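*Asks:*
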Amino acid sequence: MKLYPLQFEPIFKERIWGGEKLKTILHKPIKSKTTGESWELSGVEGSVSIVSNGVLSGRSLADLVNENPNEILGGVVYEKFGVQFPLLFKFLDAKEDLSIQVHPNDELAKKRHNSLGKTEMWYVMQADAGSKVIVGFKKNSNAGECVRYLNDGNLSSLLDEIVVKEGDVFFLDTGTVHAIGAGLVIAEIQQTSDVTYRLYDFDRRDAQGNKRELHVDQALEAINYEKVKALTSYTKEVNEANVVIDCPYFTTNFVPLSGTLPVKKTGDTFTVYMCVDGTFTITYEGIVYNYKKGDTVLLPAAIREYELNGKASILEIYIS
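Residues in the sequence shown are numbered from 147 upward in steps of one, following this note's numbering.
Have a look at this one:
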């Protein structure tokens, strides 16, 4: 099979907290005023991505991986994860606050849901003035204290709230209590998992007047009660792959592209680019592929040499 840089149809998710910035800022063809997520590249069962460009248009990511695991994933990734595409890539628009929530680790997720855990990172693409995120506790806590504050309606006062700006990055290891605040557009990279435990949802109701389900007992067992440092600092050297996150599940580099940047890969892993600002091209075997802010592209592991060109801020993601 002849492979090339692959793009996929976005999968839009309606959320009670969603808005319209995926259209106004990222130019996604959303149809509603409450679209919270655009799943850009997904192997999650029931929401598997479909190729949108080139001769493989209409094929599912799962089919391509099953037929060509080494060529798509790379030998190292295939050996580690099998044919399950191991990462999920999203853009999020939080018009309102998301619930205060936590994700389980691999062991707990496997036992309860036969799923991977959900380690993730956020890159802030746009932030209204004063927008905040919640990441972990202000100081070390415990389950008993957490329950007391939750029952009193004061859970937020236990948690670390941070005012954010464009370009901020947060690494959220499993067990970290967190929430994305209103007014943010975020690029999210995470393990392939859709397991979330809600602790608190601000007592809001959906259009039918129902409160969303909470998962307090499950969450209490999954939480890391120690204070964490989630805000991540990183360099921004032009035309360099500046390491932002390097964890067992993924490596993310920030690439401030200005002009031409030749790239050579080992073939051990796929690479994904998320364009968080500007425009750029990928030239592969003499063909030029064009990308803009809000685009996500998968380069199969079999693609080892290519050239980036343009003026853009790009997240480069792969598995070490």
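The beta-carbon is built from N, C-alpha and C at its ideal position, and this holds for glycine as well.
No experiment lies behind these values; they were computed from the predicted model shown.
1. Below 8 Å, how does it come out for the segment 288 to 296 and the segment 226 to 233: are there three or more Cβ pairs, yes or no?
2. Buried or exposed: Glu399, going by 16 or more other Cβ atoms within 10 Å of its Cβ?
3. State the start and end residues of the unbroken beta strand (DSSP E) segment that holds Val443.
4. So, is Asp239 buried or exposed, given that buried needs 16 or more other C-beta atoms within 10 angstroms?
5. Less than 8 Å between the beta carbons of Tyr346 and Ser245, yes or no?
6. Of the residues Lys264, Gly440, Asp414 and His249, which one's Cα is nearest the Cα of Asp363?
7. Is the Cβ-Cβ distance between Gly313 and Val270 less than 8 Å?
8. Quick test of the definition: if touching needs 3 or more C-beta pairs under 8 Å, does the segment 208 to 226 touch the segment 316 to 332?
9. With DSSP as the reference, please indicate the residues paired to His324 in a beta bridge.
10. Using 8 Å for Cβ pairs, my map puts Tyr395 next to Thr181. What's the rounded Cβ distance?
11. Would you identify the three-state DSSP class for Lys373, choosing helix, strand or coil?
12. Within the chosen definition, does the segment 415 to 427 reach the segment 444 to 452 through at least 3 CB pairs nearer than 8 Å?
13. Quick one: residues in its chain with C-beta nearer than 7 Å to the C-beta of Lys382, no 5 flanking neighbours on either side, listed in chain order?
14. Go ahead and pull the three-state DSSP assignment for Ala458.
15. Is Ile196 closer than 8 Å to Phe154 when the C-beta atoms are compared?
16. So what does Trp163 bridge to, in DSSP terms?
17. Would you list, in sequence order, the uninterrupted alpha helix (DSSP H) runs of no fewer than 4 residues that lie entirely inside the segment 166 to 238?
18. Can you look up Ala333 in the DSSP assignment and give me helix, strand or coil?
*Replies:* Taking the coordinates as given:
1. no
2. To locate residue 399, count along the sequence shown from 1; it is residue 253. Per the sequence presented here, residue 399 reads as Asn, with Glu not at that position. Buried is the call here.
3. Residue 443 sits at position 297 when you count from the first residue of the sequence shown. Counting along the chain, the beta strand (DSSP E) containing Val443 begins and ends at Thr442 to Leu445.
4. Along the sequence shown, one-based indexing puts residue 239 at 93. Buried is the call here.
5. Here residue 346 is taken as the residue at index 200 of the sequence shown, counted from 1. Here residue 245 is taken as the residue at index 99 of the sequence shown, counted from 1. Yes.
6. On the sequence shown, residue 363 is found 217 positions in, with the first residue counted as 1. Residue His249 is the option with its Cα nearest to Asp363.
7. Counted from its first residue, the sequence shown places residue 313 at position 167. Counted from its first residue, the sequence shown places residue 270 at position 124. Taking 8 Å as the Cβ cut-off, Gly313 and Val270 qualify as a contacting pair.
8. no
9. For the purposes of this step, residue 324 is taken as the residue at position 178 of the sequence shown. In the DSSP output, where bridge partners are listed per residue, His324 has Gln247 and Val281.
10. As a position in the sequence shown, residue 395 is number 249, starting the count at 1. As a position in the sequence shown, residue 181 is number 35, starting the count at 1. Incorrect: roughly 27 Å between the Cβ atoms, too far for contact.
11. What you label residue 373 is simply residue 227 of the sequence shown in a count that begins at 1. Of the three classes helix, strand and coil, the one that applies to Lys373 here is coil, per DSSP.
12. yes
13. Taking the first residue of the sequence shown as 1, we reach residue 382 at position 236. So the list reads Asn388, Phe400 and Pro402, once near-sequence residues are dropped.
14. As a first step, residue 458 is located in the sequence shown; it is residue number 312 there, counting from the start. Of the three classes helix, strand and coil, the one that applies to Ala458 here is strand, per DSSP.
15. By one-based count along the sequence shown, residue 154 stands at place 8. By one-based count along the sequence shown, residue 196 stands at place 50. Yes, they are a contact pair.
16. Mapped onto the sequence shown, residue 163 falls at position 17. Trp163 pairs with nothing; no bridge assigned.
17. 167 to 170, 207 to 213, 215 to 218 and 221 to 227
18. Numbered from 1 along the sequence shown, position 187 holds the residue referred to as residue 333. Strand, per DSSP.
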